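Those letters in the first sequence? Residues 11 to 1070, by our numbering.
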Amino acid sequence: MKEVTGSYSPRKLEAGVQDNWKRENTYARVQALRQDGKAFFFVDGPPYTTGHIHLGTAWNKIIKDAVLRYHRMRGANIIERAGYDMHGLPIEVKVEHQLGFTSKKDIEDYGIAAFIEQCRTFAVTHMEIMSDQFRQLGIWLDFDNPYQTIKEEYIESAWWAIQRADERGLLERGHRVVNWCPRCETAIADSEVEYWDETDPSIFVKFPITGRENEYLVIWTTTPWTLPANVAVAVNSAFTYARVRAKKDGNEEILWIADELVESVLKMGRYQDYTVLERVGGNSLIGTEYASPLAGHVPRQTEIRHRVVAADYVTLENTGLVHIAPGHGWDDYLVGIREGLEVFCPVDSGGCFTPEAGAFADMYVRDANDLVIDTLGGYLLARRTITHRYGHCWRCKTPIIYRATAQWFLKATEIREPMLAEIAKVKWYPEWAGSARFHDFVRDSRDWCISRQRYWGIPIPIWQCEECGEHTVIGTVAELEERSGTEVADPHRPYVDEIVIPCPCGGEMRRVADIFDVWFDSAVASWATLGFPREREAFDRYWPADFITEGQDQTRGWFYSQLGASTVAFGRAPYKSVLMHGFALDAEGRKMSKSFGNVVTPEEVVNQFGVDVLRFYVLWANAPWDDLKFNWDSVKTIHRTLNILWNVYRFPLPYMVLDSFEPAPEAGGLWDGSFVRGNINDMPKEDRWIVSRVNSLARTTAGDMREYQLHKVTRALASFILEDLSRWYVQLVRPRMWLEEDSPEKRYAYETVYYVMRRLTALLAPFAPHIAEEIYGNLRLDGDPESVHMLDWPEADDLLIAPDLENAMEIVRSFDDAVATARQAGRRKLRWPVSETVVVTGSDEVNTALEDLNDLALNRANSRTVRVVTGTWDRILWQAEPVMRAIGPEFGRDGPKVKALIEQADGTALKAAIEREGKAELDGYEITARHVTFAESLPEGVFAAPMKDATVYVDVTLTPALEAEGYAREVIRRIQEMRRQLDLNVDDFIVAAVDVADERVASLIAKEEWQKEIAGEVRAAALTVRRTDGERPAEEPFALEKDWDVEGVQMQIGISRAGE
RNA sequence: GGGCCCGUAGCAUAGCUGGUGGUGCACCCGGCUGAUAACCGGGAGGUCGUGCGUUCGAAUCGCAUCGGGCCCA
């Protein structure tokens, strides 16, 4: 053990600890230490390798690290690797920006091979940056050997899964309406669509009914460009529709509109008058045929037989009739499938109309809106604009379109029931994350479109025969090499695109052009991280994961993608327990975003306060599953807490070093707390108490950890450090540290402090691993493990937990607070002793506590006596006050007389009489409890304050003896302060002189008893106390001389180091 | 529009199987001073988002509504 002089400087401390971990290879050694323990398989949710980590990413990894460190200390053999998600459109878009590309054509011209190399470089570079950042946060995951979605063996894991899907008939090629980004020219997942407001046309259009003169169905749309693809109109069979004769500018026409919407629609179309001709149910309209108002401009439209169909999703908004284009809408598509409608989609991958769109060919769809509207001519009933939420590509922010395309699907809807059953088997923290949130999401989920028409991703391993159309799904690289006879250097595009497999029919099979949705990459992480299918052994032993934890946004993300892929491949969930954590928000509870300028980065926090403060803060601020509202003040509070921990730790060290204290070791030179266990019954109460507290702490934290109540654990730790250790125990134990001679009391104090710090650092290790390591490193014995992270988690020692003592101490602390309050009211400083302190209570617990811990109470109260009185204390006087509301009616005329009698009576005696007999007599009048109230009247010099279940009375009246001690204490304190100014060592001796300008006070403290006391306390070899007239005795120069005003008495004090 | 979560003093947070609202920070006043760019005590500060309901009684239960978050449409 060494003395520690420096104050808590986290950055320096943490750099030192991390250097040491690196030099000693501590992480690997901790892992090795536990390799025979019970396996605990953890899968790291892979962050995407773009840019830097943000607060949420840091929080995520900090939770993981704290949990895993805890499990390691509990003896678990943690199976883990860090992981990274490295494919996908975001990186393609970044690289496109770097290269100045605007379309897929630019990429093709540049060369796919060169392009994906750029993507690879980008991903790997950023992965390394992020790994360094995570390491700096003290995250112990395997960053030297992370799983990477771009590695050949990882790609194989995905291929293998999709092969299984195909074998089970869950892989399907289909024409589906998908979210389509016209810039990226690819389908994008629902989860990749971002919504924000967009202003669009809002038009009402008349569709002419076939065979009726001048009669129309009125529909509404915000996407005029989808009208060339219209094939039907949907009505709700539950609604009533009106056939209306409407007049405008002398013309008449017949319109069909939902009955309740007639007024508003006609107003919109500026009709002057109308008559309802008939009202029919929606069913009556079904089958009605009509023509496209664009028939003359889109040739295909003249061939389509348009008709009215029913759809119950039609709402009573706008016109109550909905335009259906199965090529451009998901609901439309489903209606189309049901009704056998044609799926017409005259839009290409770049969002431009194809020649099939006739007059609109080659136009970009959103640009064509105006032309479509113009072309409608008289069929346009009204035109407005609308601002509504519209979807955009999450990467390039282009408004998406819906487009019917050929895609590959995983038939998630077919395995919905098994997925729901699996969710119920998983242990969710909190419970509702699974039972409500995730359950509902999966219940409402659709088939998963897994194909993308891009470059930087896992190629879909489907080879299709150009001759016969048969397809085959490849599961491994080896299988591909065998079947193609070609060596596979890199399973990425464009290299795999060139591989040809001979088809049994004699034709050639070529790979389909698509790559996987990047969500499918991470979906296979649970077995990919184990190297499956290449490696089987680890998979058989560890899979599925014991635990994963990610943010609530991953409900639809990684929780879902993994469950889907795993249910397809193995028919079960890939994880046994899931902790869903919240989102990191700013102090106002708003999302952190660059445009708002409210982003707080982990680096900022670390630069100011260090890693441990950040870690402890995010684990402490709220429950893991609630959103984190970042708050600098709270960060400072945590910094202060750790600073206090540091001060508590270093305060006893100088004394221990001075005394060459060594904690009692066990055989083998390691420490296990047996001294405290063996001597507990002889140790002072406060030692037994803090030992009990730290064991209670171990017990509650273990319980909370089991439920991942990380906030409760960190709060309990912080509270222990501040309340129990710093504000109470250290205050109590200090005098024992200062004892000169060896004594059991001092030994117990050292052993207790040591015990508490050893247990506390172990409990802190998962949450604040650096400061715990630093403190442990100084305290550990030669036989102890080198790192605090190699220790076993401290189990609560039930024999050392004393609930009664803990309760009693709570009472004494309440007493202590009350004494301070009462003294403040009586203006008597704590330094000045008082004669008597009385606690009035009816509580046995209070009585027992103050009896058992009387020495402590005396000490804390700085009182000659502390005693408990049950019932009433005889020194309390009572003042009787008449209650006129009762006296008036009863005594009538004599009321004023009774009032005067009561006021003049001895209230204390009156109260006693009434309590004893229920009544008292005053000058012949019978007085009962009704007629009088009593106010407490404290004797001169007594002050009261409430405490737990009791009231404390402090008598601050001075006597010469008390005064002498008070002044002596004042002198001691001032000399100590002067010692400090001279920067003397704790064991230096001094010579001192005190010149007091007050005869009485001088004689009080000049008494031998107090002079000795002062000299002893301040280590004075020689001390003079005398009365002066305020004249400085010039013949005695001291190293330091000061004038003091002590409670109005002038004193001159001079001190020097002895022998100088 | 739908699902889930959250909404408590200036800020953050506890209480949420119903019984007169705790804690920390900040603020004001006082104390302490052999942990000192620390520490302790006291005070002020709340219609527990809003409204309605259930109940003898609601921050706590129900319904509605507003605001924030994540997700879905």
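Idealized CB from N, CA, C, for every residue including glycine. Predicted model, so just to flag it, every value in this text is computed and none were measured.
Going by DSSP, Leu789 is part of the alpha helix (DSSP H) stretching over 779 to 789. Met11 sits in coil when the DSSP states are folded into three classes, being neither helix nor strand. With fewer than 16 other Cβ atoms inside 10 Å of its own Cβ, Ser729 counts as exposed. In the displayed model, Arg983 falls within a helix according to three-state DSSP.
The continuous beta strand (DSSP E) containing Met957 extends over residues 952 to 957.
Burial of Ser302 is indicated by the presence of at least 16 other C-beta atoms within 10 angstroms of its C-beta. Here His97 carries a coil assignment [DSSP, helix/strand/coil].
Within a 10 Å sphere around the beta-carbon of Pro1047 sit fewer than 16 other beta-carbons, which makes this residue exposed. Comparing C-alpha distances from Phe626 to each of Gly221, Glu102, Asn224, Lys646 shows the shortest one belongs to Lys646. Among the bridge pairs identified by DSSP, Met666 is matched with none. Around the beta carbon of His81, a 10 Å sphere encloses 16 or more other beta carbons of the protein chains shown; the residue is thus reported as buried. A Cβ-Cβ contact shorter than 8 Å links Leu331 with Ile229.
For Ile690 and Glu427, the gap between their C-alpha atoms comes out near 59 Å. For Ile811, the closest C-alpha among the options Arg698, Asp556, His107 is that of Arg698. Looking at Val701, Tyr343, Asn379, Arg1037, the one whose alpha-carbon comes closest to that of Gly184 is Tyr343. Taking C-beta separations shorter than 8 Å and ignoring five residues to either side along the sequence, the partners of Lys258 in its chain run Gly279, Arg280, Tyr281, Gln282, following chain order. With a beta-carbon spacing of about 4 Å, Ala806 and Ala708 fall inside the 8 Å limit used to define contacts. A Cβ-Cβ separation of about 11 Å leaves Glu980 out of contact with Leu1014 under the 8 Å criterion. Leaving aside the five residues that flank Glu1023 on each side, the residues in its chain whose CB is nearer than 7 Å to its CB run, in chain order, Ala978. The beta carbon of Pro949 lies closer than 6 Å to those of Arg885 in the same chain, with the five residues before and after it left out. At least 8 Å separates the beta-carbon of Asp95 from that of Asp794. Excluding five sequence positions before and after Glu195, the CB atoms of its chain that fall closer than 7 Å to its own CB belong to Lys114, Ser359, Gly360, Gln463, given in chain order. Asn87 has Ala49 as its beta-bridge partners, per DSSP.
Per DSSP, the continuous alpha helix (DSSP H) segment holding Met894 begins and ends at 894 to 901.
Contact check between the region 346 to 359 and the region 283 to 294: fewer than three CB pairs, one atom from each, fall below 8 Å, which does not count as touching. For the pair Phe52 and Ala555, the CB atoms are nearer than the 8 Å cut-off. Looking at Ile219, Val908, Phe685, the one whose alpha-carbon comes closest to that of Tyr389 is Ile219. The secondary-structure analysis by DSSP pairs Thr1034 across a beta bridge with Ala1003. About 11 Å separates the beta carbon of Pro56 from that of Gly98, a gap too long to meet the 8 Å contact definition.
As DSSP reads the structure, Trp458 sits in a beta bridge with Leu420. Ranked by how close their Cα comes to the Cα of Thr131, the residues Phe153, His591, Ile101 have Ile101 in first place.
Here Glu946 is bridged, per DSSP, to Trp888. By a beta-carbon distance limit of 8 Å, Ala594 contacts Trp69. Their separation comes to about 6 Å. By the criterion of a C-beta distance shorter than 7 Å, Met767 is surrounded in its chain by Tyr659, Ile785, Leu789, once the five residues flanking it on both sides are discounted. If you look at Asn189, you'll find it in the beta strand (DSSP E) that goes 181 to 191. Your pair Gly917 and Phe944 checks out as a contact, with CB atoms roughly 6 Å apart and the cut at 8 Å.
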